[in-house]
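S.K.:
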Amino acid sequence: TWIGLLKVDCATRRAIIGERLHYFREMLLSLALVDRAIAAVLPLLGVWILLSALDDLVLLGAWLIARFRGELPRLPNVTQLAAVDHRRIAIFVPCWKESEVIAGMLRHNLAAISYDRFAFFVGAYPNDAPTVTAVEQMAASDARVHLALVPHDGPTSKADCLNWVYQRMLLAEEESGERFDLVLMHDAEDLIHPEELRFVNWFARDYGFIQTPVLPLATPPNMWVHGLYIDDFSEFHSKDLPARWWLGGFIPSSGVGTALRRDAIETLAASSSNHIFEPGSLTEDYELGCRMSRLGVKQLFVPVEPPVAPELPPLATREMFPCSFYAALRQRTRWVTGITLQGMERHGVGNTLAETWWFWRDRKGLAGNPLSLLANLMFLYGLVSWAHASAAHIPWRLGELIAASVPGWMVVATALVGLIQLAARSWLVSRIYGWRMAARTPLRSLVGNFLNGAATFCAVHRYLAARWGNRPLVWLKTSHDYPSVEALREHKRPLEEVLVGSQFLTAQDLAAAKADLAAGADLLPHLVQLGLLSETAALEALCLQHGLEAAQVPASAVRRDLARAVPRAMSHRFRILPYDIVNGELHVASPHMPSEQWRQELRRHTALNLHVVLVTESNFKQLCDEFL
Numbered sequence: 002t003w004i005g006l007l008k009v010d011c012a013t014r015r016a017i018i019g020e021r022l023h024y025f026r027e028m029l030l031s032l033a034l035v036d037r038a039i040a041a042v043l044p045l046l047g048v049w050i051l052l053s054a055l056d057d058l059v060l061l062g063a064w065l066i067a068r069f070r071g072e073l074p075r076l077p078n079v080t081q082l083a084a085v086d087h088r089r090i091a092i093f094v095p096c097w098k099e100s101e102v103i104a105g106m107l108r109h110n111l112a113a114i115s116y117d118r119f120a121f122f123v124g125a126y127p128n129d130a131p132t133v134t135a136v137e138q139m140a141a142s143d144a145r146v147h148l149a150l151v152p153h154d155g156p157t158s159k160a161d162c163l164n165w166v167y168q169r170m171l172l173a174e175e176e177s178g179e180r181f182d183l184v185l186m187h188d189a190e191d192l193i194h195p196e197e198l199r200f201v202n203w204f205a206r207d208y209g210f211i212q213t214p215v216l217p218l219a220t221p222p223n224m225w226v227h228g229l230y231i232d233d234f235s236e237f238h239s240k241d242l243p244a245r246w247w248l249g250g251f252i253p254s255s256g257v258g259t260a261l262r263r264d265a266i267e268t269l270a271a272s273s274s275n276h277i278f279e280p281g282s283l284t285e286d287y288e289l290g291c292r293m294s295r296l297g298v299k300q301l302f303v304p305v306e307p308p309v310a311p312e313l314p315p316l317a318t319r320e321m322f323p324c325s326f327y328a329a330l331r332q333r334t335r336w337v338t339g340i341t342l343q344g345m346e347r348h349g350v351g352n353t354l355a356e357t358w359w360f361w362r363d364r365k366g367l368a369g370n371p372l373s374l375l376a377n378l379m380f381l382y383g384l385v386s387w388a389h390a391s392a393a394h395i396p397w398r399l400g401e402l403i404a405a406s407v408p409g410w411m412v413v414a415t416a417l418v419g420l421i422q423l424a425a426r427s428w429l430v431s432r433i434y435g436w437r438m439a440a441r442t443p444l445r446s447l448v449g450n451f452l453n454g455a456a457t458f459c460a461v462h463r464y465l466a467a468r469w470g471n472r473p474l475v476w477l478k479t480s481h482d483y484p485s486v487e488a489l490r491e492h493k494r495p496l497e498e499v500l501v502g503s504q505f506l507t508a509q510d511l512a513a514a515k516a517d518l519a520a521g522a523d524l525l526p527h528l529v530q531l532g533l534l535s536e537t538a539a540l541e542a543l544c545l546q547h548g549l550e551a552a553q554v555p556a557s558a559v560r561r562d563l564a565r566a567v568p569r570a571m572s573h574r575f576r577i578l579p580y581d582i583v584n585g586e587l588h589v590a591s592p593h594m595p596s597e598q599w600r601q602e603l604r605r606h607t608a609l610n611l612h613v614v615l616v617t618e619s620n621f622k623q624l625c626d627e628f629l
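See below:
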């Protein structure tokens, strides 16, 4: 400190001041070198930004023209859907360490899907016992679930797992004597749209490869990493893929929501020694779309539109994407490795000029991601240096160097195309998620540049290390969370459809009962009161709609200590009664659908997973009288 300098002799004081002045001069010299380096690099970086942005604007223009002309695909109406017979559809779900989500995914989708000819084939590895057990339990309770056990330990690759799932489907066909007409791919955390299978079945008349939209579940705007996925998928699945289809480019599979007609699968199998999915690829979905296109299979991307039922969300598979930086980094590292590095290794630069352009678009992130990160860092450095120069009332040296090296038109052009891109991206997000989420899109782009840049560095390092050590690239597991109860509600079949479709009552009786229903009143108690449904039938309909278990819980099955483990007021308020622990799960009886609020409240009293069992009103009243 300056006070400390006064306590030393003059010679020491001069030495210390000289040393600090030397350090200050070195720092100024270093900053001057940084300024000159930025001024030298900036014109080249500007050229890259302009070329990449103009490439993106071509796709934006194509999409706007296709929309204006009405040349994008449209969803069929109810009459058109009803005119097509239901094909048998096999849903493939590859798993590696998905024991926490796979049972919930299967229960929900088995109940939600509005289609009557489908089955799940779930792939799992022998050294992943918890997942195998979870799938076996679901298979024991529902004949539409089949376990496809991979014959070797994992993880290998998602494609390898899917190939064994395909073999399990062939075995099931031999056993039953019935053939599946379509294969639909999904992941262990997917919320399948209730109407998806009906639309896939309709489009399969004309197309062998059908990709339905994929959209992240809505989350609060302050979840920056998951919000980045909202931005990416809103743009890619609302604009880029429809424009790509309109321009005649090949449609890459998204890994979920991809339907393959059986003749297309057999064409693919004949060309690749019965390997439907490329086992050496980390992005088998991208590979699949490319290979299908090269074999001449007709492809379609289904638009993001509301389906026939107005109360249902837009036709899209919904899922929770990574919410942490590390989980997103792992997933994007796999994407960059598979699409960019393995893609160049497997497919070269393309067989035609058009294919070369699409490959360029898909792979330009290998250079673009680090350069975008560099541009952000240079911008932040320039902002800090300008603020320092303004505060110190000295010339802004970096600004002078930039003005001398970068043409003014380039500055204006890069700023303009950047604003157009951000405006288009924000608008596409607002169409699906609202303006509050879209308002943070520009700020999330900075997060995305940093994340994508880091993922590219990791991908290059991982790829080179694997090639140098002659090791295979293995499946990078992305941890998944299954959505909350509230997020699941909009992806259920309407109760009216369950009641009529399952023949609990006729459409005429239902219409008459709804005419007398008071505003805000629940439909099922009203139907029971009118005598159109028994209490047991009403409970069964509710279970079919939500994929929950129904039971008659006798008083002898209730553990008194568990029934009184939560406050009595809480039991009465939420109408819940814990009664047993089975396989590490707390079984809770209730006459109503569980809400997220009571789940959160109950988790304050137990660390066990919750298993809800729906009971009739009379059964619940009997248990409350006995134990509360």
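Quick note on the numbering used here: the sequence shown kicks off at 2 and runs consecutively.
We put the CB at the ideal spot given by N, CA and C, even for glycine.
Does the distance from the C-beta atom of LEU58 to that of VAL418 stay below 9 angstroms?
M.R.: In this structure, VAL418 lies closer than 9 angstroms to LEU58 by Cβ.
S.K.: Cβ of MET224 within 9 angstroms of Cβ of CYS162?
M.R.: Cβ atoms of MET224 and CYS162: not closer than 9 angstroms.
S.K.: Are ASP56 and LYS515 closer than 9 angstroms when you measure CB to CB?
M.R.: Contact: no.
S.K.: So what does DSSP say about ARG262, is it helix, strand or coil?
M.R.: Here ARG262 sits in strand by DSSP.
S.K.: How close, in whole Å, do the beta carbons of PRO579 and LEU587 come, if the pair is a contact with beta carbons under 8 angstroms?
M.R.: Right, their Cβ atoms sit about 6 angstroms apart.
S.K.: When we look at the beta-carbon of ASN352 and count the other beta-carbons within 10 Å, is it buried (16 or more) or exposed?
M.R.: Per the 10 Å Cβ criterion, exposed.
S.K.: Tell whether a beta-carbon distance below 9 angstroms holds between SER111 and THR415.
M.R.: Sequence inspection shows Leu at residue 111; the Ser mentioned does not correspond to that position. Contact: no.
S.K.: Quick one: using the 10 Å Cβ neighbour count with 16 as the cut-off for buried, is ASN610 buried or exposed?
M.R.: Classification of ASN610: exposed, given that the 10 Å Cβ count is below 16.
S.K.: What would DSSP say about ILE403, mapped onto helix, strand or coil?
M.R.: Here ILE403 sits in helix by DSSP.
S.K.: How far does the alpha helix (DSSP H) with PRO131 in it reach, from first residue to last?
M.R.: That run of the alpha helix (DSSP H) goes 130-142.
S.K.: What are the boundary residues of the alpha helix (DSSP H) that includes HIS147?
M.R.: Looking at the DSSP string, HIS147 is not in any alpha helix (DSSP H); the run it does join, the beta strand (DSSP E), is 146-150.
S.K.: Give the list of continuous alpha helix (DSSP H) stretches no shorter than 4 residues that lie fully inside the stretch 260-334.
M.R.: You should have 263-272, 285-295.
S.K.: Could I get the ranges of all uninterrupted alpha helix (DSSP H) runs contained in the stretch 211-259, with 4 residues as the minimum, in chain order?
M.R.: Here the runs fully enclosed are 225-236, 242-247.
S.K.: Give a yes or no on whether the C-beta atoms belonging to LEU301 and PRO156 are separated by under 9 angstroms.
M.R.: No. Outside cutoff.
S.K.: Helix, strand or coil: how does DSSP classify ASP207 here?
M.R.: Three-state DSSP puts ASP207 in coil, outside helix and strand.
S.K.: Is GLU627 buried or exposed, if buried means 16 or more other CB atoms sit within 10 Å of its CB?
M.R.: That one is exposed.
S.K.: Take ALA439 and list the residues in its own chain whose beta-carbon comes closer than 6 angstroms to its own, dropping the five residues that flank it on each side.
M.R.: Closer than 6 angstroms at Cβ, skipping near neighbours: SER427, VAL430, SER431.
S.K.: If you draw a straight line from the alpha carbon of HIS389 to that of PRO371, how long is it in whole angstroms?
M.R.: In a straight line, the C-alpha of HIS389 is about 27 angstroms away from that of PRO371.
S.K.: To test your reading of the DSSP string, which unbroken beta strand (DSSP E) runs of 3 or more residues are found completely within the stretch 166-211?
M.R.: Complete beta strand (DSSP E) runs here, min 3: 183-186.
S.K.: For GLU236, count neighbouring C-beta atoms within 10 Å of its own C-beta (all shown protein chains included) and say buried if the count is 16 or more, exposed if not.
M.R.: Buried, because 16 or more other Cβ atoms sit within 10 Å of the Cβ of GLU236.
S.K.: With DSSP as the reference, identify every bridge partner of ILE90, one or two as the case may be.
M.R.: DSSP lists PHE119, LEU183 as partners of ILE90.
S.K.: Assuming ARG88 and ASN202 are in contact, meaning their beta carbons sit under 8 angstroms apart, how far apart are those beta carbons, in whole angstroms?
M.R.: Indeed, because the Cβ distance is near 5 angstroms, the residues count as touching under 8 angstroms.
S.K.: Could you pull the start and end residues of the alpha helix (DSSP H) that PRO526 belongs to?
M.R.: Note, PRO526: alpha helix (DSSP H), 524-531.
S.K.: Given this structure, state the Cα-to-Cα distance separating LEU107 from VAL136, to the nearest angstrom.
M.R.: Each residue's Cα considered, the two are about 9 angstroms apart.
S.K.: Reducing DSSP to helix, strand and coil, say where LEU45 ends up.
M.R.: Helix at LEU45.
S.K.: Count the other C-beta atoms from every protein chain shown that fall within 10 angstroms of the C-beta of LEU615, then say buried if there are 16 or more, exposed otherwise.
M.R.: That one is buried.
S.K.: If you follow the beta strand (DSSP E) that HIS612 is part of, which residue opens it and which one closes it?
M.R.: Taken as a continuous stretch (DSSP letters only), the beta strand (DSSP E) holding HIS612 covers 610-615.
S.K.: Can you give me the C-alpha to C-alpha distance between SER619 and SER591, rounded to a whole angstrom?
M.R.: One C-alpha to the other measures close to 11 angstroms.
S.K.: Looking only at its own chain, which residues have a Cβ that is under 7 angstroms from the Cβ of LEU296, when we skip the five neighbours before and after it?
M.R.: Contacts found: THR268, LEU269, SER272.
S.K.: Out of curiosity, what's the CA-to-CA distance linking THR2 and ALA393?
M.R.: Confidence in THR2 is poor, its pLDDT being 49 and thus under 50, which makes the residue's placement too unreliable to answer from.
S.K.: Is the separation between the beta-carbon of TYR287 and that of GLY344 shorter than 9 angstroms?
M.R.: For TYR287 and GLY344, yes; Cβs fall inside 9 angstroms.
S.K.: Nearest to THR259 by CA position, among ILE340, ILE252, MET186, LEU531, is which residue?
M.R.: Ranking ILE340, ILE252, MET186, LEU531 by Cα distance to THR259 puts MET186 first.
S.K.: Going by other Cβ atoms of all chains shown within 10 Å of its Cβ, with 16 needed for buried, is TYR483 buried or exposed?
M.R.: Its pLDDT being 49, under 50, TYR483 is placed unreliably by the model, and the measurement read from it follows with that caveat. Buried is the call here.
S.K.: Can you check whether the CB of MET379 is closer than 9 angstroms to the CB of ILE39?
M.R.: Result yes, Cβ atoms of ILE39 and MET379 sit closer than 9 angstroms.
S.K.: Confirm, please, whether the CB-CB distance from VAL583 to HIS612 is below 9 angstroms.
M.R.: Yes, they are a contact pair.
S.K.: Are the Cβ atoms of ASN164 and PHE251 separated by less than 9 angstroms?
M.R.: Result no, Cβ atoms of ASN164 and PHE251 do not sit closer than 9 angstroms.
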